[in-house]
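Trainee:
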Amino acid sequence: MRYVLIAVLFSSAAWADPSLECFDAGSQVEIGACVGEMEKRVNMAVETSYGFAMQSAVELDEVTDRVVAQPALEAAQKAWRGYRDAQCEAVGASYGGGSGTGIAIASCRVDLGRARADELLRMAN
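Listed below in structure tokens is the structure:
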């Protein structure tokens, strides 16, 4: 069930470079809009996956009569968001303020978000 939901949230056919997945969009503005929409879907998938992982963490804490897994997951998610933001800003900075900067940042966020959703789903099972 969890994997079906995530598959629905990810409507892209491939897990390649997001800007290449949107290449058929045409202009740079259209590619940027396409990657931006992809980023929204990936963010939803990360949040959904996080919910599944958190549910598993809460259940584990209840079974073990400890409060360890839930706060650890919360801290990990907070740290991941900080890493994602810093890493993608660094990717954007490598474009020197050029016209592809926004697409590069959004593509980075999509790539890292996809990987995080996978990690969270593994934690949920």
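Mapping of the sequence shown onto mature numbering (1 follows the signal peptide of the UniProt record, and there is no 0): residues -16 to -1, 1 to 109, in sequence order.
Even for Gly, the Cβ is constructed at its ideal location relative to N, Cα and C.
(1) By a C-beta neighbour count over all protein chains shown, 10 Å radius and 16 as the cutoff for buried, is Phe36 buried or exposed?
(2) Counting pairs of Cβ atoms below 8 Å between the region 18 to 33 and the region 80 to 97, do you hit three or more?
(3) Could you check whether Arg93 and Arg65 sit closer than 8 Å to each other, using their CB atoms as the reference points?
(4) State the Cα-Cα distance for the pair Glu5 and Val47, rounded to the nearest angstrom.
(5) Between which two residues does the alpha helix (DSSP H) harbouring Ala9 extend?
Mentor: In short:
(1) buried
(2) yes
(3) no
(4) 43 Å
(5) Neither: Ala9 is in no alpha helix (DSSP H) and is coded neither H nor E.
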